[in-house]
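Below is one structure, written out as structure tokens, with a few remarks after it.
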Amino acid sequence: MSAPTLRVEDLSTQFFTKAGLVKAVDGVSFSVEPGEIMGLVGESGSGKSVTGYSVLGLVDEPGRVVGGRILFKGEDLAAKSPEQRRELRGSRIAAVFQDPLMTLNPVLKVETQMVEAIQAHGRVSRAEARRRCVAALGRVGIPAAEERLSAYPHQFSGGMRQRVCIAIALLNRPDLIIADEPTTALDVTIQAQILHEMRSLCSGSGTSLIWISHDLSVVAGLADQIAVMYAGRIVERGPVGELLERPAHPYTRGLIRSVPANSRRGGSLYQIPGMTPSLVGLGEGCAFRERCDRADGACLSTPPEFDVGGGRTHRCFHPYEGRHTND
Amino acid sequence: MSSSHGTRPAAALRRPRFRERPFGRAMAEYWESPSAVAAFAVTLLVILAALLASWISPQDPYDLAKLDLMDSVLAPMEEGASGRAYALGTDEQGRDMLSAILYGLRISLSVGIMSTVIAFAVGASLGILAAYRGGRFDAILMRVVDLQLSFPALLIALVLLVVLGQGISKITLALVIVHWAYFARSARGSALAERNREYVEAARALRLSDARIVFIHILPNTLPSLIVIATTMVARAISTESTLSFLGIGLPITEPSLGLLISNGFRFLLSGKYWISFYPGVALVVAIIAINVMGDRLRDVLNPRLKR
Amino acid sequence: MSVFIARRLLQSIALVLVMSMLVFLGVFAIGDPINTLVHPDATEAERQAIVEHFGLDRPLYEQYGRFLANAARGDLGRSFRFDEPTLSLIAQRVPATLELAFAALLLTVLVGIPLGLYAGLHPDAASSKLILGVSAFGFSVPTFWLGLMMVMVFSVRLGWLPSSGRGATVELLGVPVSFLTWDGLKHMLLPAINLAFFKLSLIIRLARAGTQEVVMSDYVKYARAKGLRPWRIVFVHVLKNVLVPITTVLGLEFGRTIAFAVVTETIFAWPGMGKLVIDSINVLDRPVIVAYLLLIVVMFIAINLVVDILYSVLDPRVDLEAQR
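Residue numbers (numbering that gives the first Met the number 0), protein chains in the order written: chain A, 0 to 326; chain B, 0 to 307; chain C, 0 to 323.
Right, dumping it as structure tokens:
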């Protein structure tokens, strides 16, 4: 069997802020196979974006990757020089960011921003690069791609801009795309279109995809595998159907219950009690215990990752077993 | 219950102490920067030196009877024919430069501060009035402000002095005309933002008098940014006055500000006698830098937009 | 675009009219117009001729009309001192001032933007703090005193550079210029640095603040995620965004440069129009002053127009048509 596209082992990324040490990512492990789509779900501040940035090598001061290994196609990224990592970024590992209004440079033409992404990774003539840009724009469903190339970002709608970003990610036929909340800023209808397109693009090309989102319902319809993050740790991970049907971790269960489609019509929407803990100086123990009705003395120590087979792991001393129901 | 419990409602109702109010907090924060503290000390020293010029100067530099022509153009600490030495040298009339600088500082500072105070009063009043009244008055005033701010202050002041003539009151007037627009623009901006707040609406609904609304509610909220501008403007006014005096169109020879002293030393400079221009300039630059550092720090602590 | 330019041109013409009225009122109506235009030593007959020429015995509005009509024909009176039409007198001095101003602007751009960019990219470096210190100094020190000190150090003490005049000039398209001769360049260096210093400090601040802001932006992070080389990120993605506000400021500063040339030209005896106007003020050669003022007004309005157009070219989001 060939190596997975990405294998992350015990990754830790910390921010050394004035207010104190923030363990944004704390012992995260997962792997993504070629052509596989992994949904990385969590609320804001859970460390899901920092996980993505750590893989890309884009964690900025005062943050630093302090531990663990990131293996891309079997090679340890930490052993690579900054120049080698730059060569990987955008060619082998591409990224799509959250807010399409902010990610494209406002003063450069779309053509410039696309062509440079190709030319940063190889000697390609401008004409050839342009041809590839037009093809990529066509693939993400932008009409009249040839003309649109010479437009500026502000002349596109939000949804179109995100398509441009996806086209840029596809330009160099990457092995892995990390998409950080790419549809959050968009209308629901456009979101659905983009989800559909991403899925077919990935399955067609064997590209792996990590889809970072706070919205479980978005990921549910897209991913093959889901990892749920809470306060810097992956609290539960597994194949999408299994995980949604038989969530083991109380937090996952809470998330599933709070998806509106899972509530009875007219019934009140479920809310996980309590608030997300502050990550500044977070101590030992399960970070969810304050909000969990199953917590007891055992939860004062940090739960390890329990491998329960079938590609499933969780970090809970008192996991749910059996099917999840809504009441 | 315990007494600490009993006092709590009273504590909540009392007027907050100075340090607890935003302005007070900003002022307390000011002292956290060593350079800002130093700048304040230097500014205070400069002002004191100017105020006490006639007491602390070794010589009355404009009493011709006290000047000894035999001592003209002496280098610093060089002993003259009269057997006296001058800390910063003398000019061509045998005038002690240190004394001339202290007296010059007095003129430069008073022009800078006076013009800023008047420009502040005029500009802030017009700006607040424009914000409060709105309509045509506002539109016209802001047109004038924009127009004026698009021309360099030095040039406008130069034109005014050509028309008005020389003198302390003339240059003060010119500086007021040049600088009022900055205050007007800022005051109007913050007053406009304040005017649309709920509590001003409420005050209006209560039919409080316009004067009361302006003075109690609007004016205090425009003050922080106006204070920052005022600090910068004092420095700019001093600089502009000295420049105009250097060019020979600011103050007459009978009112020698620092700029005029420097101008006077220009021709000696070319023969290597640097001190007549150098030391007044040092005094000028020290004063301006100190005021500007204060202004920068005030801007940092008073502008909540820049703070995270 | 053309609609915008046409509209702005019309506005500009209206503004020139308003400003000319202000200048007219300021110098002709408030001051004594006869003293303004007539040489103090003039005979009664000469006096009469001038009163006639400008219609100083006529009502104010008619005088203004005549003033405008004369101005439109390029007649802004004659200099007392040189007995030449003021306009041609000034026109002779314009190249020297423009040359100096452009040199200062070039220095500002070539030195200020890289330094500001560097300080913005490496905010904690000791060299960045030094750059900021110099910029803070340049912000406070009056131009004229700095000029004197430069003369003192580089001309008097070290004897490296001349302290006055333009040096040798050669004709370029019929206009004498200094920058094409070695001697002229040497003469230009000190005044150009002197004139540039304040602007340099300003641009360093702006470029630094702009860089720090842009570096934090999503689109720079995205540019890194695309795997662009660092130089491309800095010189294309960061610099181009930093340049947008700087261009506007530089354009407006160009006007200020011409105004402050008054000071620099006086110190370095640079034969431009700034020195001409100060000399004219000192001998009360008022027609020259009036002509200078009108020219400056026109120049400023033109600069503002050019800056607006440049701005739209640099920032594609600015839609000129949509503006008033």
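Quick reminder that beta carbons are idealized off the backbone N, C-alpha and C, glycines included.
These numbers come from a predicted model, not from an experiment.
Exposure of residue i, with buried meaning 16 or more beta-carbon neighbours within 10 Å
i, result
"residue 194 of chain B", "buried"
"residue 270 of chain A", "exposed"
"residue 80 of chain A", "exposed"
"residue 109 of chain C", "exposed"
"residue 262 of chain B", "buried"
"residue 58 of chain C", "exposed"
"residue 274 of chain C", "buried"
"residue 48 of chain A", "buried"
"residue 46 of chain A", "buried"
"residue 134 of chain B", "exposed"
"residue 373 of chain C", "In the structure as shown, chain C begins at 0 and stops at 323. Residue 373 of chain C is therefore absent and cannot be evaluated."
"residue 165 of chain A", "buried"
"residue 17 of chain A", "exposed"
"residue 148 of chain C", "buried"
"residue 184 of chain B", "buried"
"residue 286 of chain C", "buried"
"residue 303 of chain A", "exposed"
"residue 250 of chain A", "buried"
"residue 122 of chain C", "exposed"
Inter-residue spacing [alpha-carbon to alpha-carbon] between residue i and residue j
i, j, result
"residue 306 of chain B", "residue 299 of chain B", "Interpretation of residue 306 of chain B is limited by its pLDDT of 39, a score under 50 that renders its predicted location unreliable; the figure taken from the coordinates is listed afterwards. Cα to Cα, the separation comes out at about 8 Å."
"residue 233 of chain B", "residue 257 of chain C", "24 Å"
"residue 169 of chain A", "residue 210 of chain A", "15 Å"
"residue 30 of chain A", "residue 89 of chain A", "20 Å"
"residue 7 of chain B", "residue 171 of chain B", "Legend: pLDDT at residue 7 of chain B = 44, less than 50; position of this residue unreliable, value from coordinates given subsequently. C-alpha separation (whole angstroms): 53 Å."
"residue 255 of chain C", "residue 151 of chain B", "6 Å"
"residue 1 of chain C", "residue 33 of chain B", "55 Å"
"residue 323 of chain C", "residue 187 of chain A", "Note that residue 323 of chain C scores a pLDDT of 36, beneath 50, so its modelled location is shaky and nothing firm can be said."
"residue 119 of chain A", "residue 227 of chain C", "5 Å"
"residue 42 of chain C", "residue 162 of chain B", "24 Å"
"residue 315 of chain C", "residue 251 of chain B", "52 Å"
"residue 260 of chain B", "residue 158 of chain B", "23 Å"
"residue 258 of chain A", "residue 213 of chain A", "11 Å"
"residue 332 of chain A", "residue 310 of chain C", "There is no way to answer for residue 332 of chain A, as the model of chain A reaches only from 0 to 326."
"residue 123 of chain B", "residue 188 of chain B", "10 Å"
"residue 264 of chain C", "residue 209 of chain C", "32 Å"
"residue 39 of chain B", "residue 226 of chain B", "15 Å"
"residue 300 of chain A", "residue 283 of chain A", "6 Å"
Residue i: contacting residues in chain E (beta-carbon distance under 8 Å)
i, result
"residue 226 of chain C", "The structure shown has no chain E; the protein chains it does contain are A, B and C."
Inset, instruction - May I ask you to list, following chain order, the residues of the region 241 to 252 of chain B that have a beta carbon less than 9 Å from some beta carbon of chain C? - result: 241, 242, 245, 246, 247 and 248
Inset, instruction - With 8 Å as the limit, tell me which residues of the region 247 to 268 of chain C have their beta carbon closer than that to any beta carbon of chain B; keep them in chain order. - result: 251, 254, 255, 258, 259, 261, 262, 265 and 266
Inset, instruction - Please determine if the region 15 to 23 of chain C and the region 280 to 300 of chain C are in contact, where contact requires at least 3 C-beta pairs separated by less than 8 Å. - result: yes
Legend entry - Uninterrupted beta strand (DSSP E) stretches inside the region 170 to 253 of chain C (no shorter than 3 residues): 174 to 176
Inset, instruction - Anything in the region 122 to 149 of chain B with a Cβ closer than 7 Å to a Cβ of chain C? List those residues in chain order, please. - result: 149
Inset, instruction - Quick one: which residues of the region 162 to 192 of chain A get their C-beta closer than 7 Å to a C-beta of chain C? List them in chain order. - result: 167
Legend entry - Ranges of the alpha helix (DSSP H) found wholly within the region 224 to 276 of chain A, counting only runs of at least 4: 239 to 244 and 249 to 256
Inset, instruction - Quick one: which residues of the region 131 to 152 of chain C get their C-beta closer than 8 Å to a C-beta of chain B? List them in chain order. - result: 135, 136, 138, 139, 140, 141, 142, 143, 144, 147, 148, 150 and 151
Inset, instruction - Take every Cβ of the region 88 to 99 of chain C, pair it with every Cβ of the region 268 to 284 of chain C, and state whether three or more of those distances are shorter than 8 Å. - result: yes
Legend entry - the region 131 to 142 of chain C / the region 213 to 222 of chain C touching (three or more Cβ pairs under 8 Å): no
Inset, instruction - Taking only runs that begin and end inside the region 175 to 205 of chain A, name each unbroken alpha helix (DSSP H) of 4 or more residues, in chain order. - result: 187 to 204
Legend entry - Cβ pair count under 8 Å reaching 3, the region 103 to 117 of chain A against the region 142 to 161 of chain A: yes
Legend entry - Residues of the region 165 to 183 of chain B with Cβ closer than 7 Å to any Cβ of chain C, in chain order: none
Inset, instruction - Check distances from the C-beta atoms of the region 279 to 294 of chain C to those of chain B and list, in chain order, the residues that come in under 7 Å. - result: 280, 281, 288 and 292
Inset, instruction - Give, in chain order, every residue of the region 20 to 50 of chain B whose Cβ lies closer than 9 Å to some Cβ of chain C. - result: none
Legend entry - Cβ contact (3+ pairs, closer than 8 Å) linking the region 301 to 308 of chain C and the region 243 to 252 of chain C: yes
Legend entry - Contiguous alpha helix (DSSP H) assignments of at least 4 residues, all confined to the region 205 to 289 of chain B: 218 to 245 and 257 to 268
Legend entry - Cβ contact check for the region 139 to 149 of chain A and the region 176 to 190 of chain A: 3 or more pairs under 8 Å: no
Inset, instruction - Spell out a yes or no on whether the region 173 to 188 of chain C and the region 199 to 218 of chain C are touching, meaning 3 or more CB-CB pairs, one atom from each, closer than 8 Å. - result: no
Inset, instruction - Could you tell me whether the region 55 to 65 of chain B touches the region 100 to 107 of chain B, using the rule of 3 or more Cβ pairs below 8 Å? - result: yes
Inset, instruction - Take every Cβ of the region 236 to 244 of chain B, pair it with every Cβ of the region 173 to 182 of chain B, and state whether three or more of those distances are shorter than 8 Å. - result: yes
Legend entry - the region 6 to 14 of chain A contacting the region 56 to 73 of chain A, beta-carbon criterion three pairs below 8 Å: yes
Legend entry - Against chain C: residues of the region 49 to 64 of chain A by CB proximity under 7 Å: 55 and 57
Inset, instruction - With 7 Å as the C-beta to C-beta threshold (strictly closer), list the residues of the region 257 to 269 of chain B near chain C in chain order. - result: 261, 265, 268 and 269
Inset, instruction - With 9 Å as the C-beta to C-beta threshold (strictly closer), list the residues of the region 229 to 240 of chain B near chain C in chain order. - result: 234, 237, 238 and 239
Inset, instruction - Report the residue ranges of all alpha helix (DSSP H) runs contained in full by the region 134 to 189 of chain B; include only those spanning at least 4 residues, in chain order. - result: 134 to 148 and 152 to 163
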